[in-house]
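Asker: The following block contains the structure, expressed as structure tokens.
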Amino acid sequence: MQIQLSSLLVTAALTVMASASALAQRPVTDQMIDNDARTTSDILSWGLGYQGQRYSPAKQINTGNVARLVPVWSFSFGGEKQRGQQTQPIIHDGKMYVTASYSRIFALDAKTGAKLRKYEHRLPEGIMPCCDVINRGAAIYDNLVIFGTLDAQLVALNATTGEVVWKEKIDNYADGYSYTAAPLIVNGLLLTGVSGGEFGVVGRVEARDAKTGRMVWMRPVVEGHMGYKYDKDGRASENGVSGTPGKTWPGDLWKTGGAATWLGGTYNAKTGLAYFGTGNPAPWNSHLRKGDNLYSTSTVALDIKTGQIVWHYQNTPNDGWDYDGVNEFITYEDGGRILGGKADRNGFFYVNDAKTGQLVNAFPFVKKITWATGIDLKTGRPNFVPENRPGDPTGATDGKGKVVFAAPSFLGGKNQMPMAYSPETKLFYVPANEWGMEIWNEPITYKKGAAYLGAGFTIKTLNDGPIGALRAMDPKTGKIVWEVPNNAPLWSGVLTTGGNLVFWGTPEGFLQAADAKTGKVLWKFQTGSGVVAPPVTWEQGGEQYVAVASGWGGAVPLWGGDVAKKVSYLEQGGSMWVFKLMK
Ligand code: CA
Ligand code: CA
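When you line the sequence shown up against the numbering used here, it's residues 416 to 998, in that order.
Pasting the structure below:
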């Protein structure tokens with residue numbers, strides 16, 4: 416009798432402890448982040464694992480039953496602040512942490528959608544985001560949820576209480592800096608880039624202690640700038656110049672050289688390298704800066720221990736079209752080799768050796784490319800079409816250089832929407848767009864905090880047909896295995912799963928799923944506004960969930976010229992949708 420009583424007491428004590436631990440979330444460890452791509456119960460990084468493959472092994476939802484996918488809950492981000500929602504949620508311990516437009520972040524019950532907390536960052540007047548007031552998601556580490564803001568700050572909140580634990584300024588928003596990417600966390604370091612490539616900022620990668628926000632190292636990605644490392648007391652010491660000052664830039668232009676690292680980075684544990692894409696060199700007028708203008712429009716691989724650039728590969732040397740090379744570099748294994756795939760804004764898909772940067776393959780993933788006829792696999796350089804470069808405005812009577820029609824448009828063969836890679840089908844799933852632009856150069860001088868383009872443009876359609884296409888690309892052959900066309904330009908990221916499915920969204924409002932091998936569309940759901948965010952999936956309580964943010968916006972309505980007019984009927988929104996299988 417006595418024994419039974421004490422075992423009852425033990426049971427009661429365990430129950431109390433269990434409900435207490437349900438309140439405070441488990442601290443997120445480096446090991447949990449290292450395993451993120453394999454664990455279906457959580458989503459701890461942008462890309463479902465820091466490699467960024469956006470592949471989940473979850474297979475409860477598959478080609479045979481996806482037609483039974485139904486909404487479980489929807490949550491409105493509320494207010495008058497609708498605008499573009501490009502966020503990818505974090506899922507941990509049954510909670511969803513999701514950012515929204517205008518630097519807001521919500522904590523929600525992942526199963527019910529019940530709102531737990533909101534943090535709304537107070538934004539100053541005069542922020543200068545180039546391409547809508549969006550945010551791409553938070554990072555999670557230890558007991559902190561960390562996200563960046565449009566006024567170029569980083570905010571770390573206690574995940575359980577929502578209190579601000581630390582706050583750090585990346586740079587001055589009045590000088591053109593902003594921040595929109597999801598931070599990358601590797602080995603306790605918080606890795607971030609900067610936005611502001613249209614304002615002559617200096618692109619860089621910064622590593623901070625994720626727990627405290629203290630800077631560990633800073634690496635500029637414009638040739639000529641000094642890198643720094645910092646001791647425990649925050650004292651800076653020089654850590655080597657990036658490249659050779661003036662080697663690939665004329666005069667002092669490197670001092671305001673752009674190359675914004677605005678989409679953030681990915682990481683591979685076997686190479687120990689973080690991969691960041693870099694944006695356009697500044698200004699857009701390429702005749703002002705004859706030379707390759709390193710490390711703009713490149714993939715830059717950094718040793719996270721030292722903050723040094725181990726290799727770089729430049730996709731568009733001396734870019735004259737705003738072909739930001741920021742796109743995600745997704746590493747994958749091919750035999751014994753670690754490779755990385757990148758679908759560049761310039762219309763070519765590149766495969767590089769992830770350890771050395773050596774170019775392995777390059778092929779178009781869009782049908783019309785005017786600026787180059789191809790990429791030379793021996794030299795790694797594009798075969799330019801010189802007459803298709805916008806002309807030099809020097810001495811022009813109307814102040815304009817020669818106008819050219821260029822494809823892709825500067826909004827890119829692909830833009831910010833992250834693609835996915837399936838280790839099962841060995842295919843990349845690329846949200847691609849077919850469009851062009853009229854573009855010309857104009858004289859420009861740098862003025863701090865002002866737009867620094869030296870170019871004018873109008874985005875054009877190529878024909879009356881669909882602009883977007885989700886394409887399954889074989890990185891070995893460069894072939895399009897299948898495609899699903901879409902009338903409006905695609906702006907949503909992609910998810911692929913162990914259930915042989917590919918999920919993506921459309922500006923027309925649909926979240927849809929196709930067979931990963933054939934491209935046959937098996938399911939779609941209307942979310943009420945355009946989808947420009949990457950979908951995710953996770954498992955909880957024995958059930959698989961799929962989620963995506965809905966809310967039309969981003970660069971297309973703001974900069975899209977004729978295409979913006981074509982899709983002006985699309986309505987704004989701001990909500991989170993979650994789905995599971997109907998029983
Ligand atoms: Ca996981
Ligand atoms: Ca740009």
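Glycine included, every Cβ here is placed at the ideal spot set by N, Cα and C. Just so we're clear, the structure is a prediction, and the values are computed from it rather than from any experiment.
1) What residues match up with residue 884 in a beta bridge as DSSP calls it?
2) Would you call residue 911 buried or exposed, if buried means 16 or more other Cβ atoms sit within 10 Å of its Cβ?
3) Looking at the C-beta of residue 457, does it have a partner C-beta in chain D at a distance below 8 Å?
4) Between residue 505 and ligand 1, is the CB less than 7 Å from at least one heavy atom?
5) Should residue 1018 be counted as a contact of ligand 2 given a C-beta to heavy atom distance under 7 Å?
6) Can we say the region 497-509 touches the region 544-551, given the rule of at least three CB pairs closer than 8 Å?
7) Using the C-alpha atoms, what's the distance from residue 717 back to residue 742?
8) Looking at the unbroken beta strand (DSSP E) that takes in residue 635, where does it start and where does it end?
9) Taking the CB atoms as reference points, tell me whether residue 960 and residue 994 lie closer together than 8 Å.
10) Can you list, in chain order, the residues of its chain with a C-beta nearer than 8 Å to that of residue 448? Leave out the 5 residues immediately preceding and following it.
11) Taking the straight line between their C-alpha atoms, what separation do you get for residue 897 and residue 652?
12) Who are the Cβ neighbours of residue 437 in its own chain at under 7 Å, not counting the five residues just before and after it?
13) Give me the Cα-Cα distance between residue 429 and residue 508, rounded to the nearest whole angstrom.
14) Where does residue 667 land, buried or exposed, given buried means 16+ other C-beta within 10 angstroms?
15) Between which residues of its own chain and residue 587 is the CB-CB distance below 8 Å, once the five residues before and five after are set aside?
16) If we count the other Cβ atoms within 10 Å of its Cβ and call it buried at 16 or more, is residue 658 buried or exposed?
17) Figure out for me which residue from 974, 979, 966 has the closest Cα to the Cα of residue 517.
18) Hey, how far is the Cα of residue 774 from the Cα of residue 678?
19) Can you have a look at residue 770 and say buried or exposed, based on whether 16 or more other CB atoms are within 10 angstroms of its CB?
20) Ligand 3 and residue 774: does any heavy atom of the ligand fall closer than 7 Å to the residue's C-beta?
21) At a cut-off of 7 Å, would you count residue 600 as near ligand 1, judging by its Cβ distance to the nearest heavy atom?
22) Do residue 563 and residue 502 have their C-beta atoms within less than 8 Å of each other?
23) Checking 8 Å against the spacing of the C-beta atoms, do residue 737 and residue 699 come in under that value?
24) Out of curiosity, what's the CA-to-CA distance linking residue 603 and residue 719?
25) Give me the pocket residues for ligand 1, defined as CB within less than 5 Å of any heavy atom, sorted by chain position.
26) Do residue 818 and residue 834 have their C-beta atoms closer together than 8 Å?
27) Is residue 730 near ligand 2, in the sense that its beta carbon is under 7 Å from a heavy atom of that ligand?
28) Where does residue 450 land, buried or exposed, given buried means 16+ other C-beta within 10 angstroms?
29) Please determine, among 654, 750, 915, 728, the residue with the shortest C-alpha to C-alpha distance to residue 764.
30) Would the region 571-580 count as touching the region 510-526 if we require 3 or more Cβ pairs under 8 Å?
31) Using 10 angstroms around the beta-carbon of residue 671, count the other beta-carbons present and answer buried if the total reaches 16, otherwise exposed.
32) Please list, in chain order, all residues of the same chain as residue 1002 whose beta carbon is under 7 Å from its beta carbon, the five residues on each side excluded.
33) Report the option in 986, 980, 932 whose CA atom is closest to the CA atom of residue 942.
34) Is residue 631 closer than 8 Å to residue 622 when the C-beta atoms are compared?
35) Going by C-alpha to C-alpha distance, which of 660, 642, 665, 646 sits closest to residue 654?
36) Hey, which residues come within less than 6 Å of ligand 2, measuring from Cβ to any heavy atom, in chain order?
Answerer: Here's the rundown:
1) Here residue 884 corresponds to residue number 469 of the sequence shown, with the count starting at 1. Paired residues: 847, 900.
2) For the purposes of this step, residue 911 is taken as the residue at position 496 of the sequence shown. Label assigned to residue 911: buried.
3) No chain D is part of this structure, which consists of one protein chain only.
4) Your numbering for residue 505 matches position 90 in the sequence shown. Incorrect: residue 505 has no Cβ contact closer than 7 Å to ligand 1.
5) Shown here, the chain extends from 416 to 998; a query on residue 1018 therefore has no answer.
6) yes
7) Residue numbering aside, residue 742 sits at position 327 when the sequence shown is read from its first letter. Residue numbering aside, residue 717 sits at position 302 when the sequence shown is read from its first letter. For residue 742 and residue 717, the distance between alpha carbons rounds to 16 Å.
8) Counted from its first residue, the sequence shown places residue 635 at position 220. Its beta strand (DSSP E) spans residues 630-635.
9) Residue mapping note: residue 960 aligns to position 545 of the sequence shown, counting from 1. Residue mapping note: residue 994 aligns to position 579 of the sequence shown, counting from 1. Yes, the pair counts as a contact, with Cβ atoms nearer than the cut-off.
10) For the purposes of this step, residue 448 is identified with residue 33 of the sequence shown, where counting begins at 1. Taken in chain order, the residues that qualify are 459, 460, 465, 556, 600, 601.
11) On the sequence shown, residue 897 is found 482 positions in, with the first residue counted as 1. On the sequence shown, residue 652 is found 237 positions in, with the first residue counted as 1. Going from the Cα of residue 897 to the Cα of residue 652 covers about 52 Å.
12) One-based indexing of the sequence shown puts residue 437 at position 22. No answer about residue 437 holds up, because its pLDDT of 47 lies below 50 and its placement is not dependable.
13) Residue numbering aside, residue 429 sits at position 14 when the sequence shown is read from its first letter. Residue numbering aside, residue 508 sits at position 93 when the sequence shown is read from its first letter. At residue 429, the pLDDT of 44 sits below 50, so the modelled position is not reliable and the matter cannot be decided from this model.
14) Reading the sequence shown from its first residue, position 252 is the one you call residue 667. Its Cβ having fewer than 16 others within 10 Å, residue 667 is exposed.
15) The residue labelled residue 587 in the question sits at position 172 within the sequence shown. Around residue 587: 567.
16) Stepping through the sequence shown from its first residue, residue 658 is reached at position 243. That one is buried.
17) For the purposes of this step, residue 517 is taken as residue 102 along the sequence shown, with counting starting at 1. Among 974, 979, 966, the Cα nearest to that of residue 517 is on 966.
18) Within the sequence shown, numbered from 1, the residue matching residue 774 stands at position 359. Within the sequence shown, numbered from 1, the residue matching residue 678 stands at position 263. Rounded to whole angstroms, residue 774 to residue 678 spans 22 Å at the Cα level.
19) On the sequence shown, residue 770 is found 355 positions in, with the first residue counted as 1. By the neighbour-count rule (16 or more Cβ atoms within 10 Å), residue 770 is buried.
20) Ligands present in the displayed structure are limited to ligand 1 and ligand 2, and ligand 3 is not among them.
21) The sequence position of residue 600 within the sequence shown is 185, counting from 1. No, the Cβ of residue 600 stays beyond 7 Å of every heavy atom of ligand 1.
22) What you label residue 563 is simply residue 148 of the sequence shown in a count that begins at 1. What you label residue 502 is simply residue 87 of the sequence shown in a count that begins at 1. No, the Cβ-Cβ distance between residue 563 and residue 502 is not below 8 Å.
23) As a position in the sequence shown, residue 737 is number 322, starting the count at 1. As a position in the sequence shown, residue 699 is number 284, starting the count at 1. Yes, the pair counts as a contact, with Cβ atoms nearer than the cut-off.
24) Here residue 603 corresponds to residue number 188 of the sequence shown, with the count starting at 1. Here residue 719 corresponds to residue number 304 of the sequence shown, with the count starting at 1. About 11 Å.
25) 451, 454, 457
26) Position 403 of the sequence shown, counting from 1, holds the residue named residue 818. Position 419 of the sequence shown, counting from 1, holds the residue named residue 834. Cβ atoms of residue 818 and residue 834: not closer than 8 Å.
27) Locating residue 730 in the sequence shown gives position 315, counting from the first residue. Checking the Cβ of residue 730 against ligand 2 gives no.
28) As a working note, residue 450 is residue 35 in the sequence shown. Residue 450 comes out exposed.
29) The residue labelled residue 764 in the question sits at position 349 within the sequence shown. For the residues 654, 750, 915, 728, the minimum Cα distance to residue 764 belongs to 728.
30) yes
31) As a first step, residue 671 is located in the sequence shown; it is residue number 256 there, counting from the start. So residue 671 counts as buried.
32) The displayed coordinates of the chain run from 416 to 998. Any statement about residue 1002 would go beyond what the structure contains.
33) Sequence index remark: in the sequence shown, residue 942 carries index 527 (1-based). Here the closest residue by C-alpha is 986.
34) Sequence index remark: in the sequence shown, residue 622 carries index 207 (1-based). Sequence index remark: in the sequence shown, residue 631 carries index 216 (1-based). The answer is yes: Cβ separation under 8 Å.
35) As a position in the sequence shown, residue 654 is number 239, starting the count at 1. When each option's Cα is compared against that of residue 654, the closest is 642.
36) 612, 613, 694, 695, 737, 739
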